[in-house]
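Chemist: The structure is given below, and queries will be raised subsequently.
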Amino acid sequence: MSSGCWRGCGADRVLYDWIKALHIIALIAWMAAMLYLPRLFVYHAALPPGSEAQSATFKVMERRLLKAIMTPAMIATWVFGLTLAWMSGYYASLWLQLKFVLVLAMSGAHGFLARTVKDFAADRNTRGDRFYRVINEVPTLLMIAIVILAVVKPGF
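Be aware that the sequence shown starts at 1, since it is given in the UniProt record's numbering, and climbs by one per residue.
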């Protein structure tokens with residue numbers, strides 16, 4: 001941590017703690033959506049031909065999850081996370097730089113899922129439910145590594 005006292009001095013500590021709480025809340029919302037959306041894709045891709053009504057329901061659920069929860073939560077996670085990195089002075093630490101790379105990868109996964117929502121909406125999905133079962137694990141694995149880096153802060 002830097003020589004400043006963001007986490008140890010009165011009002012500055014309170015501000016830091018509030019931003020950290022908002023970061024965690026945004027992260028939980030983002031991860032919930034990142035884990036649920038591929039599961040919706042599993043069920044959507046497994047629909048038998050001629051299931052237009054069910055497909056339309058999945059399309060609405062997928063679009064709303066992406067637009068109302070997942071994307072705003074990702075943006076909030078980034079804003080609060082970058083603010084914390086700046087306030088704490090950890091930005092030069094290797095663990096935070098690795099975390100940053102993993103969060104970029106998570107954002108890439110987010111982009112892939114957003115594109116997949118558009119593919120399903122336009123009836124252009126070409127992948128089966130098994131593919132989405134595997135894809136569903138990517139955010140989980142990234143999350144595990146990110147949380148370990150954030151909590152343990154290894155000094156390699």
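Virtual Cβ for every residue (Gly too), placed ideally from N, Cα, C.
Quantities reported herein were computed from a predicted structural model and do not represent experimental measurements.
Is Ser3 buried or exposed, if buried means 16 or more other CB atoms sit within 10 Å of its CB?
Modeler: Residue placement at Ser3 cannot be trusted, given a pLDDT of 46 that sits under 50; what the coordinates show is reported in the next sentence. That one is exposed.
Chemist: Would you kindly check if the distance between the Cβ of Leu84 and the Cβ of His44 is under 7 Å?
Modeler: no
Chemist: Given residue 158, which residues of its chain have a CB within under 8 Å of its CB, disregarding the five upstream and five downstream residues?
Modeler: A query on residue 158 cannot be resolved here, the shown segment of the chain reaching from 1 to 156 and no further.
Chemist: Assess, as a yes-or-no matter, whether the region 93 to 109 is touched by the region 44 to 53 under the definition of 3 or more beta carbon pairs within less than 8 Å.
Modeler: no
Chemist: If you reduce the DSSP assignment to three classes, tell me which class Lys99 lands in.
Modeler: Secondary structure of Lys99 (DSSP, three-state): helix.
Chemist: Three or more beta-carbon pairs under 8 Å between the region 101 to 118 and the region 138 to 146, yes or no?
Modeler: Yes, the region 101 to 118 touches the region 138 to 146.
Chemist: Given a cut-off of 7 Å on the beta-carbon distance, is the pair Ile146 and Phe80 in contact?
Modeler: No; because the gap between Cβ atoms is not below 7 Å, this pair is not in contact.
Chemist: For chain C, check one thing: does any of its Cβ atoms lie closer than 7 Å to the Cβ of Ala68?
Modeler: Checking the listed chains, one finds no chain C in this structure; it contains a single protein chain.
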